[in-house]
Amino acid sequence: MTSISQDGDRDKLRSVSVDLNNDTPLLIDIPDALCERDKVKFTIHTKTTLNSFQKPDFSVSRQHEDFIWLHDTLVETEDYAGLIIPPVPPKPDFESPREKMHKLGEGEATMTKEEYTKMKQELEAEYLAVFKKTVQVHEIFLQRLSSHPAFSKDRNFQIFLEYDQDLSVRRKNAKEMFGGFFKNMVKSADEVLISGVKEVDEFFEQEKTFLLDYFGKIKDATAKAEKMTRSHKNLADDYIHISATLTTIAADDNEAFKSKACISNVCVCVQKLEARVASDQELKLTELFRYYMRDIQAAKDLLYRRARALADYENSNKALDKARLKSKDVGQAEEHQQQCLQKFDKLSESGKKELTSFKARRVVAFRKNLIEMAELEIKHAKSNMSLLHACIEQLQSN
Amino acid sequence: MDPPLPVSTSEPDKDIFSGPRAEPLNNPLSETAAEQLKAVSGASSKAKGDVPVEEAGSEEPDDLFSDPLGESGAELETHTSNAPLLDFSEEPPKSDPIKKAASADDYIKKPQKDIFEESTEDGVKAAAAHVGSVAAEKKVLHTDLFGDGVDDDEDKDDLFKTPPGAMMKKPQASLFRAEPDDIFPEAKTEAKPATKASAKQPNNAPTDLFTEEPFTVMPAARAAVKPAAIPSANTSSKTNGLHSDEEDLFAEATVELSLDSPRNDRRKRDAMKPSEPVPCPSTSTSSSKPQPKKLEELEEEEKEDKFDLNISVTNPEKVGDGMNAYMAYRVSTQTTLSMFRSKQLTVRRRFSDFLGLYEKLSEKHSPNGYIVPPAPEKSILGMTKVKVGKEDLSSDEFVERRRAALERYLQRVVSHPSLLQDPDVREFLEKEELPRAVSTQALSGAGFLKMINKATDAVSKMTIKMNESDVWFEEKLQEVESEDQQLRKLHGMVESLVNHRKELSVNTAVFAKSVAMLGSSEDNTALSRALSQLAEVEDRIEQLHQDQAANDFFIFAELLADYIRLLGAVRACFDQRMKAWQRWQDGQNMLQKKREAEAKLLWANKPEKLQQAKDEIGEWEGRVSQYERDFDRVSATVRKEVMRFEKEKTRDFKKQIIKYLQSLLHSEQQLIKYWEAFLPEAKAIA
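In structure tokens:
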């Protein structure tokens, strides 16, 4: 069981969400989370001035599945078709640290006690980082909803925040899972099909190519960044082993290696710093990329919905033409065509707004993260430097 | 001349020479002119009661050399204790043969000529004329000299036994007389073979002479080597008063010489010539007053010596084609050590030459318990790649790695005081062409033999059960073994560090490219700029990681690899000690058997065989004691070597680790620079 209190990391966690909570009547945060086996229970705390809520201040406990449910209902709501629906947070993944922990347990015999403890600490730190990250992405999801004028008034969202019982969302069964998968397939096939539809608005045309391109790139960058941070972590782990071995050698109280004791200490510190560099990189850069990858996916979905509407509109036009030709059901067809046009126009309008704001948001988020990352890198490098400096001086003096 | 010159202070000199010059013939000993003169100087120093001379001459040298020479033999010991001045002058010639081995003749002649030229300036031409003739005479009368030396030795011994009262005057005089014959011939024996230019002899001669106490004599030699490098002119210019006296002295000497018999003449020369190296060391020693600090000084000097000899291996170059191709390296030596032909030496050597050097050295020195630094290992795979001639990164890296390893190897060899003296080392550094080292090939017959030898060694090692008499060795061996293990482990880890860092560097490069792509498709100009900047930063960081990985490897991992191999050599020297012990034990067993056989014969009453058995016992007793001595000697050497190794190791590790940390520091600095440059770019995103 792991329980964390997030107060210390508040500002850090907000970094990706770009201060969505400013001046909103709805303030949401996740101050606490509890991990039981593979279930994570998030405590969601809401502060509000809205009348639609019974109390101004309340907390509920939610699971990851509840978030998925909320997201799905939002996606399914027709009215939100013209909006970028915030991407659903990824499923908490504690598998990799767990697996590592398991491996470590197996390899215990081959390591010195000290080394083992250090490795364990390192893994615990990693586990904690994953945990924090999970909480963070869930929080951001809610904050984005709360900061959006339309979503914040959504009934389901309010229920999600307020209902103090277990939501008891039914888990998706296998059929539904398959159905979802199938739906996805249809969607992507459809995407290909309607891509042939001639775009009427240049803005969307541009936006579409840009997003497609950008999505590919950012996906690539995310993968690469992940790889990079992973190897950085490996590097940090190596320092653990080296320092442990140096300590054992120094423990042989061989005079030649006395100096090594302090080097081993330095190694530990270097390792800690390297690990921090790696995790900060992960947090600031990789997470940023990952988040925007999902966000772009959401934007793409919006475009898809719009394109769908466009296709529908054109189909209805065709149908209207046919009806006129046959002078049969003209009124119905006309109505349908009007509906489609309306829907499409509405989608286009709100989509344009959404995409523009998305762009601005992305730039701001990138800026913030990049600055923070650069600052952190400098900070770590500096502390690393002073450490090395001290060690060199110590070595040279004795 | 010997006696005056050690006394570098100008005033006592004057006393010595100005005072008694008139009464050489009155000297009680009055043998030859040369002797007289010396006696005179000795006597004069006594007569005048020159305290500085006394002290400088008697006590200081005593401290100086009694230590190192203490083991050299009974005779020398009497000298040191009773006749400090003798030692003093004796010492430099002792060191002479060593440094002169290569160019003994030159060495002697040069300074000598200088001096004589000085004297000719003053119009004493006869002296100069003698220089040449003396060189010729040297050879002819060489044997005579030895005889003389022996005679004089006896003489001197007698003299020492004279009552103390007389000793004050006489022994001193006689010592001076004895010393040229006694000692300088010795120097000459070294010099002679050198002039004959028979390749090996000169080299062997000094080693033979001093093999017994390489350690004790060597430091002394070193002490002498350094100051000797200073031109003798220095001494005279340094001490103004001395200069004119010298002239006087020579003038007098030459006058006498011209009257004297050639033999004396020659002797005189002998006395003068080797005296040349004397002034320098003596001035240096007498000027550095605190003589008891001798050992520390020597140590310091040893350290300094290391800087005097700078070896670098550069310019790896492929020679030939196909499977016969090999890499040649340029080995350049920079040195101020006089044992080398010149200050700058450059030769080209191939890898197998290095291996050959190692083979020779280990054959010669490791049975004596020395730690012979191992040469880098052969790498058939790496070399084949180079041979195939692909100019790819890995083969470049291989060559560079090997070059660095070879350089470190040579530096280790020359930093070893006794290996430095090895003629093979010098030959390796100096000689233009080396005979091809064949036995180093892995697949040759010699290689096969080596493998068999190793296998038998391993077997015998397992079977030998040594009951250790000295706890120190036991503990050390254990220490070495556990250290070896730890170092191996550490080495593995550092290797994985290197690999991970390389991986990181590759990943960073890929990421940089990906970010650059992202930047190119970003439609916000400022952000796009920032992203491409980020890509650039990552690119640089990639380079940084790559460099750091190289540093990890070359500074840290290679250091560990070297020491793992060195620890192998340390273990080998422990093995050698064990072998010596085994020989001794076997000898004892044999002796025991022989004795038993004798007892049996005695009992069986077979007198005819008894004699033979007795002879055998005698022979074996001799051998056993020889083996025991060997064992003790090897033990002592091993102990000394291990101490030295540890000191070296500490220093090496400290140096390398500081270097490594500095490289880390440097990368961090660069990192800060890069990110700081990036920061405004990120802030500029609007």
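Chains as they are written, first to last, in the numbering used here: chain A, 104 to 501; chain B, 337 to 1022.
Cβ coordinates follow ideal geometry from the N, Cα and C atoms, glycine included.
Remember, predicted model here, so these are calculated numbers, not experimental data.
Considering only the alpha carbon of each residue, which of the options lies closest to residue i?
| i | options | result |
| --- | --- | --- |
| K930/B | K945/B, A916/B and R666/B | K945/B |
| F156/A | I188/A, E265/A and E305/A | E265/A |
| D383/A | K446/A, L473/A and V238/A | L473/A |
| E817/B | V846/B, G828/B, D911/B and L697/B | D911/B |
| A1018/B | T151/A, P159/A, E478/A and G210/A | E478/A |
| L646/B | L681/B, Y662/B, K825/B and R919/B | The identity of residue 646/B in the sequence shown is Asn, whereas the question assumes Leu. N646/B has its Cα closest to that of L681/B, out of L681/B, Y662/B, K825/B and R919/B. |
| R969/B | K991/B, R913/B and S751/B | R913/B |
| P252/A | H167/A, S460/A and V373/A | S460/A |
| A493/A | L1015/B, V667/B, I994/B and Q1006/B | I994/B |
| V873/B | E982/B, F1014/B and V750/B | F1014/B |
| S291/A | C443/A, Q166/A and Q400/A | Q400/A |
| K142/A | D135/A, R201/A, K421/A and E168/A | E168/A |
| P134/A | K256/A, P128/A, V163/A and P159/A | V163/A |
| K326/A | S850/B, E1012/B and N941/B | Before going on, a small fix: residue 326/A reads as Ala here, not Lys. Residue S850/B is the option with its Cα nearest to A326/A. |
| T151/A | F161/A, L423/A and L458/A | F161/A |
| E894/B | Q921/B, W920/B, E831/B and T844/B | E831/B |
| Y165/A | D424/A, F197/A and D267/A | Going by the sequence as given, residue 165/A is Arg instead of Tyr. Looking at the Cα atoms, D267/A is the closest of the given residues. |
Applying the criterion that 16 or more other CB atoms from any shown protein chain within 10 Å of the CB defines a buried residue, is residue i buried or exposed?
| i | result |
| --- | --- |
| D518/B | With a pLDDT of 41 at D518/B, under the threshold of 50, the modelled position of this residue cannot be trusted; read the value that follows with caution. So D518/B counts as buried. |
| P567/B | Here P567/B scores only 41 on pLDDT, less than 50, and its place in the model is too uncertain to base an answer on. |
| W808/B | exposed |
| P943/B | exposed |
| I262/A | exposed |
| I495/A | buried |
| L405/B | Note that L405/B has pLDDT 38, beneath the 50 cutoff, so the model's placement of it is unreliable and no number is given. |
| T237/A | buried |
| I788/B | exposed |
| F764/B | buried |
| N487/A | buried |
| M699/B | Here residue 699/B is Glu; the residue named in the question, Met, does not match the sequence. So E699/B counts as exposed. |
| V655/B | exposed |
| T149/A | buried |
Between which two residues does the beta strand (DSSP E) containing residue i stretch?
| i | result |
| --- | --- |
| A136/A | L129 to E139 |
| P652/B | L645 to V655 |
Compute every distance between the C-beta of residue i and the non-hydrogen atoms of the ligand FAD, then say whether any falls below 7 angstroms.
| i | result |
| --- | --- |
| V978/B | This structure lacks the ligand FAD, and indeed carries no ligand of any kind. |
For residue i, which beta-bridge partners are listed by DSSP?
| i | result |
| --- | --- |
| F161/A | T149/A |
| Q680/B | Q670/B |
| A664/B | E653/B and R686/B |
| K142/A | E139/A |
| Q166/A | K144/A |
Where does the unbroken alpha helix (DSSP H) through residue i begin, and where does it stop?
| i | result |
| --- | --- |
| P753/B | P753 to L756 |
| Y230/A | K216 to S250 |
| P200/A | E198 to E209 |
| P759/B | P759 to E766 |
| K864/B | At residue 864/B the sequence reads Ser, which differs from the Lys that was named. Counting along the chain, the alpha helix (DSSP H) containing S864/B begins and ends at T861 to N887. |
| N420/A | E390 to K429 |
| I994/B | P943 to K1019 |
| L854/B | V807 to S857 |
| F260/A | R258 to E265 |
| A711/B | That residue, A711/B, is in no alpha helix (DSSP H); it is neither H nor E in DSSP. |
| S255/A | Here S255/A belongs to no alpha helix (DSSP H), and DSSP marks it neither H nor E. |
| I474/A | V433 to S500 |
| L927/B | E894 to A940 |
Three-pair Cβ contact test at 8 angstroms for the segment 171 to 184 of chain A versus the segment 230 to 237 of chain A: no
Please determine if the segment 343 to 353 of chain A and the segment 306 to 322 of chain A are in contact, where contact requires at least 3 C-beta pairs separated by less than 8 angstroms. no
Between the segment 1000 to 1017 of chain B and the segment 870 to 881 of chain B, can you find at least three pairs of beta-carbon atoms closer than 8 angstroms? yes
Answer yes if the segment 385 to 401 of chain A comes into contact with the segment 453 to 468 of chain A, meaning at least three C-beta pairs across the two stretches below 8 angstroms, and no otherwise. yes
Within the chosen definition, does the segment 934 to 941 of chain B reach the segment 896 to 910 of chain B through at least 3 CB pairs nearer than 8 angstroms? no
Any contact between the segment 428 to 441 of chain A and the segment 410 to 419 of chain A? By contact I mean 3 or more CB pairs, one from each, below 8 angstroms. yes
For the segment 706 to 713 of chain B and the segment 737 to 746 of chain B, state whether three or more C-beta atom pairs, one from each stretch, are separated by less than 8 angstroms. yes
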